[in-house]
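Engineer:
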Amino acid sequence: MLQTAYNLNPWLLDLSKPKDGLFRAVLSFVMVVLAISFWHLWFVKKSKKIVAQLPPGPRGLPIVGYLPFLGTDNLHLSFAELAATYGPIFKLWLGNKLCVVISSPELAKEVVRDHDVTFSERDPPIAAQVASFGCNDIAFDSYSNTRWKNKRKVLATELLTNARLNACYGLRREQVMNGLKDVYENVGKPIDIGKWTYLVALNAAISMILGGELPGEKGATIEGNLKENSSESMVLLGKPNVSDFFPVIARFDIQGIERGMRKINQQFNRLIESVIEVAIDKEKDKKSSEQKLGFLELLLHLERNNNEDNASPLTMDEVKGLLVDILVGGTDTTTTMVEWTMAELMQHPEIMEKVKKELSDVVG
């Protein structure tokens, strides 16, 4: 090592000349002291950031942490292997981000239910910031932000109330029956269960926010494009982005994830504006001003009257962000759940027979 250092810095280490020997020795000493000082400052700063006792976890490399060892495919398998080694809760340094991974139902309950407020704040990924119109939704906005509380209040008091859900029961049932009708009409033919589930869930969600279906050919076009854009959006949201782990290089967008999400978001924006146009047209066609506003009509009403003291103000980006949460979050998760359930049932025929028997006994 000393020989390598000498080859790299012969001027600093050459003390054969008495005239310059003292100066070079002092300079070398100063450089060593500075290096030790910088390391000490970095170590102390890092130690101060981590006050609480951390769970066990693998040791990573300087700067990049454990990123080089995770890979990009089958991350859930990588995390499962780490959980087998370190237990149901472990820590990972991903770049300069400290992450804690949980992998048991009991801990998940602790995090998402019992201590939800404690774990609610997080750094949203860059792709999520773009997809949610600048974190103007429920999923990625900051819990401490008063705007988030306002949006949650609108959802809780206007869309997710028992009265609203009961009023929309007929609309939801109609969409499910339409989906079952399509299945019966295609008996004996293969069915894309993911596409079928998505369309049923999407039509049910749109019926709730509009108070009815999207009209005709325009509705079919919007539904098809929403499905495609939603799938592409979820892929980018789940893709590891180096810019999230190293914010200093985020401006370069090395993987092109931000550019790809912005392109999808532009298409999403046009589709959502088309849905908003349908809601505006329905509002104009109402004969009585005393009729109860649909959910989207209510959002637009709050957006138009955002200067009134007696209203809960919303911006247009917040209206769009809430629609993205409902149309994407409320359809993709349902589709994924049904697909995985059907895959598991096909892998276990004996359980499939029990399900069929129960459906026959209960539903008929």
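Residues in the sequence shown are numbered consecutively from 1, following full-length UniProt numbering. Virtual Cβ for every residue (Gly too), placed ideally from N, Cα, C. Since the structure is predicted, the reported quantities are computational estimates derived from the model, not experimental observations.
(1) Under DSSP, the beta strand (DSSP E) around Phe90 begins and ends at which residues?
(2) Taking the C-alpha atoms as reference points, what is the distance between Ile206 and Ala279?
(3) Please state the DSSP three-state secondary structure of Gly329.
(4) Taking C-alpha atoms, which residue in Arg113, Ala80, Leu299 and Lys227 lies nearest to Val101?
(5) Between the alpha carbons of Val275 and Lys239, how many angstroms are there, rounded?
(6) Nearest-angstrom Cα distance between Glu277 and Ala201?
(7) Apart from the five residues on each side of it in sequence, which residues of its chain come closer than 7 Å, Cβ to Cβ, to Leu159?
(8) Can you give the Cα-Cα distance for Val324 and Cys135, rounded to whole angstroms?
(9) Does the separation of the CB atoms of Gly256 and Glu232 fall below 9 Å?
(10) Ends of the beta strand (DSSP E) at Ile102?
(11) For the segment 204-277, which segments carrying the alpha helix (DSSP H) assignment without a break, of at least 4 residues, lie completely within its bounds, in sequence order?
(12) Report the partner residues of Gly65 according to the DSSP bridge assignment.
(13) Measuring CA to CA, which of Ser230, Gly87 and Lys151 is closest to Pro313?
(14) Can you grab the Cα-Cα spacing for the pair Ile326 / Asp116, in whole Å?
(15) Rounded to the nearest angstrom, how far is the Cβ of Tyr86 from that of Gly65, given a contact under 8 Å?
Structural biologist: Inspection of the coordinates gives the following:
(1) Taking the first residue of the sequence shown as 1, we reach residue 90 at position 90. Element bounds for Phe90: Ile89 to Leu94.
(2) By 1-based counting over the sequence shown, the position of residue 206 is 206. By 1-based counting over the sequence shown, the position of residue 279 is 279. In a straight line, the C-alpha of Ile206 is about 10 Å away from that of Ala279.
(3) For the purposes of this step, residue 329 is identified with residue 329 of the sequence shown, where counting begins at 1. Residue state for Gly329 is assigned as helix, using DSSP reduced to three classes.
(4) Along the sequence shown, read from residue 1 onward, the residue named residue 101 stands at position 101. Ranking the options by Cα distance to Val101, first place goes to Ala80.
(5) Working through the sequence shown from its first residue, we reach residue 275 at position 275. Working through the sequence shown from its first residue, we reach residue 239 at position 239. In a straight line, the C-alpha of Val275 is about 28 Å away from that of Lys239.
(6) What you label residue 277 is simply residue 277 of the sequence shown in a count that begins at 1. What you label residue 201 is simply residue 201 of the sequence shown in a count that begins at 1. Their Cα atoms are separated by approximately 21 Å.
(7) Your numbering for residue 159 matches position 159 in the sequence shown. Closer than 7 Å at the Cβ level, and outside the excluded window around Leu159, lie Phe295.
(8) Residue mapping note: residue 324 aligns to position 324 of the sequence shown, counting from 1. Residue mapping note: residue 135 aligns to position 135 of the sequence shown, counting from 1. Using only the alpha carbons, I get a separation of about 11 Å.
(9) The residue labelled residue 256 in the question sits at position 256 within the sequence shown. The residue labelled residue 232 in the question sits at position 232 within the sequence shown. No. Outside cutoff.
(10) The sequence position of residue 102 within the sequence shown is 102, counting from 1. For Ile102, the enclosing beta strand (DSSP E) starts and ends at Lys97 to Ile102.
(11) 216-238 and 242-245
(12) As a first step, residue 65 must be located in the sequence shown, where it is residue number 65. Per DSSP, Leu61 and Leu94.
(13) Position 313 of the sequence shown, counted from the start, is the residue given in the question as residue 313. Ranking Ser230, Gly87 and Lys151 by CA distance to the CA of Pro313 puts Lys151 first.
(14) By 1-based counting over the sequence shown, the position of residue 326 is 326. By 1-based counting over the sequence shown, the position of residue 116 is 116. Spanning the two alpha carbons is a distance of roughly 21 Å.
(15) Taking the sequence shown and counting its residues from 1, the one referred to as residue 86 is at position 86. Taking the sequence shown and counting its residues from 1, the one referred to as residue 65 is at position 65. Their Cβ separation, rounded to whole angstroms, is 15 Å, which puts Tyr86 and Gly65 out of contact at 8 Å.
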